[in-house]
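For reference, the structure discussed in these notes is given below.
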Amino acid sequence: MIDHEAVIGLEVHVQLATRSKIFCGCSTRFGAPPNTQICTVCTGQPGALPVLNRQVIEHAVRMALACGCTIRHRSRFARKNYFYPDLPKGYQISQYERPLAEGGQLEVWLPTGERSRVGITRIHVEEDAGKSIHGAEGGQSRVDLNRAGVPLIEIVSEPDLRHPVQAAHYMRTLRGMVRALGVSDGNMEQGSLRCDANVSLRPVGTTRLGVKTEVKNINSFRFVQHALEYEIARQSDVLRAGGVVRQETRLWDAAAGVTRSMRSKEQAEDYRYFPDPDLPQVVLDPAWVERLRHTLPELPDARRHRYVEQLGLPPDDAAALTREHELADYFEATVAAGAAPRRASSWILTELLARVSDARDVARARVTAERLAGLLQLWDDGRISSALAKQIWPLMWDSAEDAQTIARREHLFQDSDGEVIEAQIRRVIEDNPQQVAQYREGKQKVFGFFVGQVMRATSGKANPQLVNQLLRKLLD
Amino acid sequence: MTDLGASDLAGRIRAREVTAQAVTRAHLDRIAALDSTLNSFITVDAEGALASARQVDQRLERGEPVGPLCGVPVALKDNLVTAGIETTAGSRVLRGWRPPYDGTVVARLRAADAVLLGKLNMDEFAMGSSCESSAHGPCRNPWDTGRVPGGSSGGAAAAVAAGLCAAALGTDTGGSIRQPASFCGVVGLKPTYGRVSRMGVIAFASSLDQVGPLARTVRDCALLLEVIGGPDVKDSTCLPAPLQPGSLQQACQRRELKRLRVGIPREYLDQGGLEPSVERAVREAIATLAELGAEVRDVSLPHTRYAIAAYYLIATAEASSNLARYDGVRFGPTLPGARGNLDQMYSASRGEFGAEVKRRIMLGTFALCAGYHDAYYGRAQRVRALIQRDFQRVFDGGCDVIACPTSPCSAFRLGQRLDDPLQMYLADIFTISCNLAGLPGLALPCGLCDEGLPVGLQLLGPPLSEATLLGAGAAYEHATAWHTLRPPLDPVTS
Amino acid sequence: MKITHDDVRHVARLCRLELSGPELELFTHQLDAIVAYVTQLEQLDAPLDGSEAPDSETELTCPDREDEEAPSLDRELLLSQAPAHDGEHFLVPRIIE
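Chains as they are written, first to last, in this note's numbering: chain F, 2 to 477; chain V, 2 to 495; chain R, 37 to 133.
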């Protein structure tokens, strides 16, 4: 029984965050009424011609640089010819022989800490097609061309992925990058991040690629994993039964949890690519490309490394913080304002995230990073305890005031006066002779009871370390 | 009034010697009298034309400024997109299409206060050299209505020759302005590729198509090119070099050709295959150029004989892609057989293409097919580069202008060439290389053949040399009388 | 190479042209003659190294525009020219996935 390994490559389409479409000035805003963001160009009217949106190239180059690709200073648009009702010109303007970028790589981290390198074959620019809506009355389909002409980049990976989980994390990595770069909002559910997977099996230890199938209609990270798991199992069953995998395109059916063959696409289309004669070659100034390279923001992976190596954060915290760049930005602002990194990260991942519905909203949180730093500094300075901090925190949310003001007004500063605490402790000891006896007999757990009593008597404000220290002294 | 040229009319209207409305009415009357025979117009917009003319007259009355084409009646080949006016590209596939916009050249004509009379007949989607493949029936040559006017801008050439409009705009992809101009005895200019915007030109072959004027005189062509030409941000292949206003008309004041070096390609004139009286007329014209002071010399364009093959692969490949948008979804007539399933929709809507268009779409698709792509389309592009280099060498090597025939023959009879498409293609030999190389080309009337039909002389120049071509043409025109000949049509009171 | 009926059928399918029996016959014959003619390009020593014309230094470079929204065309105006629409969408016969 031969052991097989899966070989996976992903083709990811990213919708670019531009105001207007790639070849015309129509808006790219999501969710507009059908056919209200269209013009002669994006509806392929006779005589209409494309004019390139320069922001598209800038976004594409920045993403390519972030992926370590080689940028082609002269690239060309090419026509991909096929017939479909939501493809107005009967061809898609894409890139073929001379794409914008080639030959990069990404590092993919798994939660286990495992790292793997995934090669990027190419990144090219193209336009999106419109949408066909099926199942209308009278056996017709409806065509909405709002999306036709929205700019995309296609990122093609080498077949370097081996596990569905790894593939899902590759997608997450791409998402983090496009969001950190501001190149796209990377939303799989809304379709601004899409992926088609190519998957095949081969005997472990061999290098020749097996027959691959293409899996489409995957629209979440979870489905990337599930669809690939299913398809790998399916192909494995075929091979185990002595059969041969058929090269075909399959659709992921999330409801049923299976992939289905797309019969209509069985014949490979001949796209007859040729350079688009309506668009001269795209020429990039090498100096401009270099400037873009130097102004790239720190990417999520680099950030995560830095948080672990330089700021001493636990890897899980670092990973959680860098999942959304807004969260990482907030964290860094908090540290910049004087908070200790580990305390800040811990607080953000628990107390802050509990208060926002979406991690991306922290930038607009009522409590700013500076204010949070103020709170954490009080704690660091010993002026409040963690318990008191947790009392002050909700008040900061309500009033948007700083921690110091609130603590002063509500008398929430820690009591660190040794004499006062000692007096309290003595009173508690006096009032609880039974427990004192139990403690002296060796029941260590009773200590907690005394701590609780002292804290209660001081309305939680006694400095816990002092309480512990003095209590031990007086009990022992 | 229908015998005066565009510049002449503009001047008289501006001087208020004659009203724009009178001029327009005269042309509309002449169309009504003659065009049922000629069939050069597909759509006549009498209402719109008279309304524009009235506006021009009113502005002149009020002493307000008017554009350089004020009141001049111009007609447009039907592949030029006109807002609200039916535009069909000579095809059933677009019948009833009222475009939602004006193409750039149309907008520029309007801005210059031209009066747009209507849309002119053409070979379907500009594919043809005889105007016989139009869905609206063939157009006829005013010189002999049993003959073709040439194509694909046959309607434009015929209308100008018959005095139905003062000037016209056509398009030229492989000779479609120059050949019909020659067949009908008028002047036709194909500008340098990129000189005039293609936004609003229904595409045939994107890397070859150019809009250009047809008129009775060289100066009228110059005036029209000044109005329609120049940079356009809406066409990414349009050259950024600006057109100096007045510069081309200025060039038309030339009267002699001293120091003009004229090359005669031996592959064009010394290979035989020309109708004898056509060849004679062209040689006499070249002799006239020499008399005017030009230095005539022998030059060579060695890759000439591959031009037609290269053209018919590149042009049809681009066309097969450009015509994919005619799929029955967003424009075109509602067809009964189109609603069953998707395949039926495609076959019904695209079944409306004529035979020549289908043939070229298939040839172009074939040229791009996997397995053939490099041997056909790829090779053709490399040959194109060789042809471009041929011209570059000739012009760099001490030649200002190339002179040659426009067509190996004069206007042939209707129906004569329909059975052998390849034969039809081979006659493009003198015009096609110019499109492949993106060069400007001017066709001028230079005589009559033995049958009394017009013959055209062609002048080709390096990129952006329209001023030189027009100057040479003007000097030739001034020294000859061919441009004053008129086809023998029934006289109409004007 | 000789163009066969199958070649023509394949090409016609790619460009969505439905040919009648006589059309298939005629076009096969005509395309065969034309392809035979254009095949003479083989005679030239142009090397077969990729179908794209070389990028030239003198060739025009792609102009571009600012990323600004421009007003869209009126939906009614565009839909009114379509063979079938429902006031909001273009309508096509059912697409079977």
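From the three backbone atoms N, C-alpha and C, an ideal C-beta is built for every residue, glycine too.
None of these values were measured; they are calculated from a predicted model.
Have a look at the options and flag the residue whose alpha-carbon is nearest the alpha-carbon of residue i.
i             : options                    : result
residue 491/F : 439/F, 442/F, 197/F, 417/F : Look at the range of chain F in this structure, 2 to 477, and you will see that residue 491/F is not part of it.
residue 54/F  : 102/R, 128/R, 39/R         : 102/R
residue 255/V : 18/V, 31/V, 23/V, 478/V    : 478/V
residue 37/R  : 449/V, 303/V, 418/V, 376/V : 376/V
residue 97/R  : 191/F, 326/F, 280/F        : 280/F
residue 299/V : 313/V, 288/V, 266/V, 311/V : 266/V
residue 220/V : 486/V, 272/V, 467/V        : 467/V
residue 153/F : 408/F, 78/F, 117/F, 14/F   : 14/F
residue 1/V   : 388/V, 444/V, 474/V        : Residue 1/V cannot be examined here, being either before or after the span of chain V that is shown, 2 to 495.
residue 230/V : 190/V, 51/V, 90/V          : 190/V
residue 339/F : 413/F, 97/F, 389/F, 378/F  : 378/F
residue 61/F  : 141/F, 112/F, 283/F        : 283/F
residue 121/V : 130/V, 135/V, 180/V, 193/V : 135/V
residue 279/V : 164/V, 486/V, 447/V, 161/V : 447/V
In the DSSP assignment, find the unbroken alpha helix (DSSP H) run with residue i in it and report its ends.
i             : result
residue 380/F : 370-381
residue 400/F : 387-400
residue 497/V : Residue coverage of chain V in this structure runs from 2 to 495, which leaves residue 497/V outside it and unanswerable.
residue 30/V  : 21-39
residue 32/F  : Run containing residue 32/F: none; DSSP gives neither H nor E here.
residue 42/F  : No alpha helix (DSSP H) contains residue 42/F, which DSSP labels as neither H nor E.
What are the boundary residues of the beta strand (DSSP E) that includes residue i?
i             : result
residue 126/R : 126-129
residue 173/V : 168-173
residue 127/F : 116-128
residue 105/F : 102-110
residue 74/V  : 74-78
residue 43/V  : 42-45
residue 253/V : Note, residue 253/V: premise wrong, no beta strand (DSSP E); not H, not E.
residue 194/F : 194-204
residue 213/F : Note, residue 213/F: premise wrong, no beta strand (DSSP E); not H, not E.
residue 1/F   : The structure shown has nothing for residue 1/F, since chain F only spans 2 to 477.
residue 142/F : 141-145
residue 5/F   : 5-16
Here's the rule I'm using: 16 or more other beta-carbon atoms within 10 Å means buried, otherwise exposed. How should residue i be labelled?
i             : result
residue 425/V : buried
residue 452/V : exposed
residue 178/F : buried
residue 148/V : buried
residue 86/R  : Residue confidence is low: residue 86/R scores 47 on pLDDT, short of 50, so the model does not pin down where it sits. Its coordinate-derived value is still stated next. Per the 10 Å Cβ criterion, exposed.
residue 43/R  : buried
residue 205/F : exposed
residue 186/V : buried
residue 101/F : buried
residue 115/R : buried
residue 11/F  : buried
residue 494/V : Below a pLDDT of 50, predicted positions are generally treated as unreliable, and residue 494/V, at 39, falls in that range; the measurement from the model is reported next regardless. Counting Cβ neighbours within 10 Å, residue 494/V comes out exposed, since fewer than 16 surround it.
residue 137/V : buried
residue 351/F : exposed
Within 7 Å (strictly less), CB to CB, does residue i reach chain A?
i            : result
residue 48/F : Annotation note: the requested chain A is absent from the structure, which comprises protein chains F, V and R.
For the region 214-237 of chain V, which residues have a CB atom closer than 8 Å to at least one CB atom of chain F, in sequence order? 234, 235, 236, 237
Give me the subset of the region 188-199 of chain V whose CB atoms are less than 8 Å from a CB atom of chain F, sorted by chain position. 199
Interfacial residues, the region 135-148 of chain F to chain R, with Cβ spacing under 7 Å: 135, 140, 141, 142, 143, 144, 145
Relative to chain F, which residues along the region 353-372 of chain V have a C-beta separation below 8 Å, given in chain order? 366, 369, 370, 371
Contiguous alpha helix (DSSP H) assignments of at least 4 residues, all confined to the region 410-485 of chain V: 422-427, 430-438, 467-480
Mind checking the region 269-284 of chain F against chain V and listing, in chain order, the residues whose C-beta falls within less than 7 Å of any C-beta there? 271, 273, 275, 278, 279, 280, 281
With 7 Å as the limit, tell me which residues of the region 80-109 of chain F have their beta carbon closer than that to any beta carbon of chain V; keep them in chain order. 80, 82, 84, 86, 89, 90, 91, 92
To be precise: take each residue of the region 45-56 of chain R, compare its Cβ to all Cβ atoms of chain V, and keep it if any distance is under 9 Å. Which residues remain? 46, 47, 48, 50, 51, 52, 53, 54, 55
What are the complete beta strand (DSSP E) segments, minimum 3 residues, inside the region 213-272 of chain V? 262-266
What beta strand (DSSP E) runs, 3 residues minimum, are completely inside the region 54-103 of chain V? 74-78
At a Cβ cut of 9 Å, what residues of the region 199-212 of chain V count as close to chain F, listed as they run along the chain? 199, 200, 201, 202, 203, 204, 206, 207, 208, 209
Taking only beta carbons into account, state which residues of the region 315-337 of chain V come closer than 8 Å to chain R, listed in chain order. 321, 325, 328, 329, 330, 331, 332, 333, 334, 335, 336
If contact means a Cβ-Cβ distance below 8 Å, which residues of the region 18-46 of chain F contact chain V? 41, 44, 45, 46
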